[in-house]
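Engineer: Line by line, the protein sequences give chains G, S and U.
For what it's worth, our numbering labels the leading residue of the first sequence as -15, then goes sequentially.
For what it's worth, our numbering labels the leading residue of the second sequence as 4, then goes sequentially.
For what it's worth, our numbering labels the leading residue of the third sequence as 255, then goes sequentially.
Glycine included, every Cβ here is placed at the ideal spot set by N, Cα and C.
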Amino acid sequence: MKISSALPLRNLRGNPVRTAILIFLTAILSLMIFGGTLMITSLKTGLHSLESRLGADIMVVPYEAATKSNLETIVLQGATGYFYMDEAKYQKIASTEGIGQISAQFFLASASSGCCSLSVQIIGFDPDTDFTITPWIKKSYGQTLQKYDIIVGNDLNAFVGDTLIFYGVECRVAAKLDKTGTSFDTAVFTNQETIKALIQSSLDKNMNEFKNINPDKVVSCVLINAAEGYTVEDVLNDINLHVKKVKAVRTKDMISGISDSLAGVSDIISILIIVVWIAGMLILLLAFAMSISQRKKEFAVLRVIGASQNQLAGIVMQEALLLCLAGSLMGAVLGLLILLPFQQVIEEFLNLPFLLPSAVQIAGYVLAAVILTILTGCIAVSVSAFRISRIDTALILRGDT
Amino acid sequence: MKKITVVLDVILCVLSALLCFGTKFLFHACGPKEDGSWMACHWAEQAVFGIGLVLLVLSLVMTFAFKDGKTKSGIALSLEGIAALALGIPNHLISLCMMNTMRCHAVMKPAVIVISICIILCGMAACILHRKEDTES
Amino acid sequence: MILKAEKLSKEFIRETKNTNRFCAVQETDFVLESGSFAVLTGRSGSGKSTFLHMLSGLMTPTSGRVLIDDKDIYQLPDQELSRFRNQHIGVIPQGQTALHSLTVLENICLPYTLYGEEAHETEALALLEKLEIAHLKTALPAELSGGELRRMAIARAFLRKPELILADEPTSDLDDQNTEIVFQFLRQAAQDGAAVFAVTHETNAAQYADRLFRMNAGQLQG
């Protein structure tokens, strides 16, 4: 074996403390690059997922529910709640000019469900008119929902075939949805027929906040897409002007708060990555320079024995390459170990939609972080490599220091 | 060689202690309900605590009570199996709460999984290295 | 082989009385043939080591040329010069010159292994035997005394049986007995056909040498 290719490894093993510190440094660098980019992408994927899940231009809710926070906490933050308005309002809204698609939804929150003290948001939709939930449910469940069939969000600990009991009514889990990274992950979806039965049951058991409602004569909210040739603004204003006791909200406006704070978090992470990258680069630059100047004499000896300038530079580069490879892989694995299992904690902490990209994409980020870290190490060491290849061998050998 | 196995032994002790007491006090499952009763995840927490205690005792015994490489290797092997059991507890052997956003899913489960995997990997390394040490001496 | 130095001189940039140039070696002509052993003595700072480094191709002279078999070594590109030094010149530098991550034996075999050649361990062990450090072959340099490290450096320079041996204070850390062994070694190498040039403070080196030089304030006196 050529000693010049074994030498870098031997040098690294010869000084385990220095090697460990440098590996640790590069691991942090790669962890930051990988973890940071994965966080930013997950947030963006989450927002995108939320946008497509909302899927309508306008949401009309009873006026008392539109005290915006109430609606927002249900749709965006996964709180539970419900409100109703007369079905006549739906008819009135439907008659507004410029409506392309329109569908009503029905909300109910379960009382404590089974084992847990937390209640679950139940969303009922009308299979005949629905255009927001059905396309997305289709991916997980091809058939039509029967009465007392429910579809559960990905974060609910229930599986196909399980039975969940809401207000004494047994419901069969027909499908489980893919993860969306939004509040819909903890919701239960069902058709109009089922939810009306559940509302009735909650009324019968005297567990509903509303006392005097007829489940067949109410809706919770109305989702609307503007028809071609009409702006969302027109339809929105028209409804707010002409239909009393309701409030029409642009879904884009609801998300704007989220996308604003998401942009903020992304910016902070981006700045962090850049700061850590620059700091890491500088520290590595110094660390390599120190580590190599300590061994100046050894390199001079190699010159004496007949190593060329390129060989010296090669040894130094290989040392850095090995260090960065080990460090960056460790950092990436550490990042995976933190971000993958604890994504729920992160989601809750940030209070923003958070959806991890596909495995292939994550692998791509790992690769990118490793390459970037190695590149950083190589740039940092190239200064030292150049200097060591140009050392004044004779001068170093003279002084025995 | 020697140094690395000692470090591994100590790491195994620390990980076991973390699994045992960490699950109980740091990344514990959901708290009691308003009426004071516990949810299913609490029993998963108790089970992991118990298993963690066994792991801790065994890893301490391996580190301090025996000098013989073969015995140490055998105990390391048993640690792997027990850690695999701990890995299976949350939501597989004992089911957790209804929503994945709840503490037992979001915090306890991943923590138990990560620590158990670390114990299994370190146990594997310790098992092999102790064995090697034994054949070398 | 013939080593020739033609009008070789070296100036360093350093503040002195009237000028910022300091002349370490004044224009010197020097010839060394195969089979002869030349010894250079002189006071510290007189330019001995500078001269030796210029001969070994490690220090570009300010003026003049170094010719080995009529080849101007400073005209060679770095890669060729390095390879040439590796194959034909054995340099014993001053001070401790071990690579700390390699064992004694690996250190000695470096001239071969550096370019991926076979290590020639048998020859290396024989050299270690002669220098009485064979028992240390698997030791790391950090475990060796100064004298042992010196002998290791000597073995390393001799391993390839180079045609030109340049030794800078090869006996500085050695006791009388070992000093004698080293000079006999150098003498023997010359007899075997190498051109040997040693810089030393050792007064009894003269008895082994074919030719004796003195360096006085950068001036070579033969």
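Under 8 Å Cβ-Cβ, which residues of chain G neighbour residue 319/U?
Structural biologist: Here residue 319/U refers to the residue found at position 65 of the third sequence. Near residue 319/U there are no residues of chain G at all, since even the closest Cβ is about 17 Å away, more than 8 Å.
Engineer: Report the residues of the region 316 to 329 of chain G with a CB closer than 9 Å to any CB of chain S, ordered along the chain.
Structural biologist: 321, 322, 324, 325, 326, 327, 328, 329
Engineer: My guess is that residue 132/G and residue 156/G are in contact by the Cβ rule of under 8 Å, so how many angstroms apart are they, rounded?
Structural biologist: To locate residue 132/G, count along the first sequence from 1; it is residue 148. To locate residue 156/G, count along the first sequence from 1; it is residue 172. The pair is a contact, with the Cβ atoms about 6 Å apart (cut-off 8 Å).
Engineer: For the region 8 to 21 of chain G against the region 249 to 259 of chain G, are there 3 or more C-beta pairs whose distance is under 8 Å?
Structural biologist: yes
Engineer: Could you work out which residue in 434/U, 384/U, 431/U is closest to residue 410/U when comparing CA atoms only?
Structural biologist: Here the question's residue 410/U lines up with position 156 in the third sequence. Cα-wise, what sits closest to residue 410/U is 384/U.
Engineer: May I ask which residues mark the beginning and end of the alpha helix (DSSP H) holding residue 180/G?
Structural biologist: Working through the first sequence from its first residue, we reach residue 180/G at position 196. Segment 176 to 188, the alpha helix (DSSP H) holding residue 180/G.
Engineer: State buried or exposed for residue 333/U, treating a residue as buried only when at least 16 other CB atoms are found within 10 Å of its CB.
Structural biologist: The residue labelled residue 333/U in the question sits at position 79 within the third sequence. With fewer than 16 other Cβ atoms within 10 Å, it is exposed.
Engineer: If you draw a straight line from the alpha carbon of residue 101/S to that of residue 10/S, how long is it in whole angstroms?
Structural biologist: Position 98 of the second sequence holds residue 101/S. Position 7 of the second sequence holds residue 10/S. Near 40 Å, if we compare the C-alpha coordinates of residue 10/S and residue 101/S.
Engineer: Between residue 347/U and residue 381/G, is the Cβ-Cβ spacing less than 8 Å?
Structural biologist: The residue labelled residue 347/U in the question sits at position 93 within the third sequence. The residue labelled residue 381/G in the question sits at position 397 within the first sequence. Cβ atoms of residue 347/U and residue 381/G: closer than 8 Å.
Engineer: Pick helix, strand or coil for residue 97/G, following the three-state DSSP scheme.
Structural biologist: Residue mapping note: residue 97/G aligns to position 113 of the first sequence, counting from 1. Note that residue 97/G has pLDDT 47, beneath the 50 cutoff, so the model's placement of it is unreliable and no number is given.
Engineer: So with CB distances below 8 Å, who are the chain G contacts of residue 17/S?
Structural biologist: Stepping through the second sequence from its first residue, residue 17/S is reached at position 14. The premise fails here: residue 17/S is roughly 16 Å from chain G at the closest Cβ pair, so nothing lies under 8 Å.
Engineer: With a threshold of 16 other CB atoms inside 10 Å of the CB of residue 297/U, please say whether the residue is buried or exposed.
Structural biologist: The count along the third sequence starts at 1 and reaches residue 297/U at position 43. Exposed: under 16 other Cβ atoms inside 10 Å.
Engineer: Taking the beta carbon of residue 95/S as the centre, do at least 16 other beta carbons fall within 10 Å, making it buried, or is it exposed?
Structural biologist: Start at 1 with the first residue of the second sequence, and residue 95/S comes out as number 92. The residue in question, residue 95/S, is exposed, as its Cβ has fewer than 16 Cβ neighbours within 10 Å.
Engineer: If we cut at 8 Å on Cβ distances, does residue 138/S have a partner in chain G?
Structural biologist: Here the question's residue 138/S lines up with position 135 in the second sequence. With 8 Å as the cut-off, residue 138/S does not count as an interface residue toward chain G.
Engineer: Which residues, taken in chain order from the region 91 to 111 of chain S, show a beta carbon closer than 8 Å to some beta carbon of chain G?
Structural biologist: 94, 98, 99, 100, 101, 102, 103, 104, 105, 108, 109, 110
Engineer: Classify residue 227/G as helix, strand or coil using the three-state DSSP reduction.
Structural biologist: Residue 227/G sits at position 243 when you count from the first residue of the first sequence. Coil.
Engineer: Examine the ligand SAH and report whether any of its heavy atoms sits within less than 7 Å of the Cβ of residue 38/S.
Structural biologist: Looking at this structure, you won't find the ligand SAH or any other ligand, since it has none at all.
Engineer: How far does the alpha helix (DSSP H) with residue 130/S in it extend, from its first residue to its last?
Structural biologist: Within the second sequence, the letter at position 127 stands for residue 130/S. It spans 112 to 139 - the alpha helix (DSSP H) in which residue 130/S sits, taken as one unbroken run.
Engineer: Three or more C-beta pairs closer than 8 Å, one from the region 184 to 200 of chain G and one from the region 162 to 171 of chain G: is that the case here?
Structural biologist: With the cut-off at 8 Å, the region 184 to 200 of chain G and the region 162 to 171 of chain G do not touch.
Engineer: Have a look at residue 99/G and residue 160/G and give me their C-alpha separation to the nearest angstrom.
Structural biologist: By 1-based counting over the first sequence, the position of residue 99/G is 115. By 1-based counting over the first sequence, the position of residue 160/G is 176. Note on residue 99/G: pLDDT 47, under 50, position unreliable in the model; no value is reported.
Engineer: Do you know whose CA, among 67/S, 59/S, 128/S, lies nearest residue 7/S's CA?
Structural biologist: As a first step, residue 7/S must be located in the second sequence, where it is residue number 4. When only C-alpha atoms are compared, the closest one is 128/S.
Engineer: Taking only the alpha-carbon atoms, compute the straight-line gap between residue 90/S and residue 115/S and give it to the nearest angstrom.
Structural biologist: The sequence position of residue 90/S within the second sequence is 87, counting from 1. The sequence position of residue 115/S within the second sequence is 112, counting from 1. Whole-angstrom Cα-Cα distance: 6 Å.
Engineer: Output the boundary residues of the alpha helix (DSSP H) element that contains residue 75/S.
Structural biologist: Position 72 of the second sequence, counting from 1, holds the residue named residue 75/S. It spans 72 to 91 - the alpha helix (DSSP H) in which residue 75/S sits, taken as one unbroken run.
Engineer: Rounded to a whole number of angstroms, what is the C-alpha to C-alpha distance between residue 246/G and residue 59/G?
Structural biologist: As a first step, residue 246/G must be located in the first sequence, where it is residue number 262. As a first step, residue 59/G must be located in the first sequence, where it is residue number 75. Taking the straight line from one Cα to the other gives about 17 Å.
Engineer: Is residue 62/S closer than 8 Å to residue 1/S when the C-beta atoms are compared?
Structural biologist: Residue numbering for chain S in the displayed model covers 4 to 140; residue 1/S lies beyond these limits and cannot be assessed.
Engineer: Is the region 352 to 368 of chain U touching the region 308 to 320 of chain U, taking contact as three or more C-beta pairs under 8 Å?
Structural biologist: no
Engineer: Alpha carbon to alpha carbon, how far is residue 339/U from residue 294/G? Give it in angstroms, no decimals.
Structural biologist: Position 310 of the first sequence, counted from the first residue, corresponds to residue 294/G. Position 85 of the third sequence, counted from the first residue, corresponds to residue 339/U. Computed Cα separation, rounded: 15 Å.
Engineer: Throw me the rounded Cβ distance for the residue 297/G and residue 375/G pair, which I believe falls under 8 Å.
Structural biologist: Here residue 297/G corresponds to residue number 313 of the first sequence, with the count starting at 1. Here residue 375/G corresponds to residue number 391 of the first sequence, with the count starting at 1. Rounded, the Cβ-Cβ distance is 11 Å, inconsistent with contact.
Engineer: For the alpha helix (DSSP H) containing residue 277/U, list its first residue and its last residue.
Structural biologist: In the third sequence, counting from the first residue as 1, residue 277/U sits at position 23. Taken as a continuous stretch (DSSP letters only), residue 277/U belongs to no alpha helix (DSSP H), being part of the beta strand (DSSP E) at 275 to 287.
Engineer: Measuring alpha carbon to alpha carbon, tell me which residue in 66/G, 113/G, 48/G is nearest residue 93/G.
Structural biologist: Here residue 93/G corresponds to residue number 109 of the first sequence, with the count starting at 1. Of all alpha-carbon atoms in 66/G, 113/G, 48/G, the one lying nearest the alpha-carbon of residue 93/G is that of 66/G.
Engineer: Using CA atoms only, rank isn't needed, just tell me which of 220/G, -1/G, 5/G, 72/G is closest to residue 268/G.
Structural biologist: Position 284 of the first sequence holds residue 268/G. If we check each option's Cα against that of residue 268/G, 5/G comes out closest.
Engineer: Helix, strand or coil for residue 232/G? Go by DSSP, reduced to three states.
Structural biologist: On the first sequence, position 248 is the one that residue 232/G refers to. Note: residue 232/G maps to strand in three-state DSSP.
Engineer: Can you tell me whether residue 305/U is helix, strand or coil according to DSSP?
Structural biologist: Within the third sequence, the letter at position 51 stands for residue 305/U. In this structure, residue 305/U counts as helix in the three-state DSSP scheme.
Engineer: At the level of alpha carbons, what is the spacing between residue 74/S and residue 87/S?
Structural biologist: As a first step, residue 74/S must be located in the second sequence, where it is residue number 71. As a first step, residue 87/S must be located in the second sequence, where it is residue number 84. The straight-line gap from Cα to Cα measures roughly 20 Å.
Engineer: Since residue 294/G is in the alpha helix (DSSP H), which residue starts that stretch and which ends it?
Structural biologist: Locating residue 294/G in the first sequence gives position 310, where the first residue counts as 1. Run containing residue 294/G: 293 to 323, per the alpha helix (DSSP H) assignment.
Engineer: How is residue 141/S classed by DSSP in three states: helix, strand or coil?
Structural biologist: With chain S represented from 4 up to 140, any question about residue 141/S goes unanswered, as that position is not in the structure.
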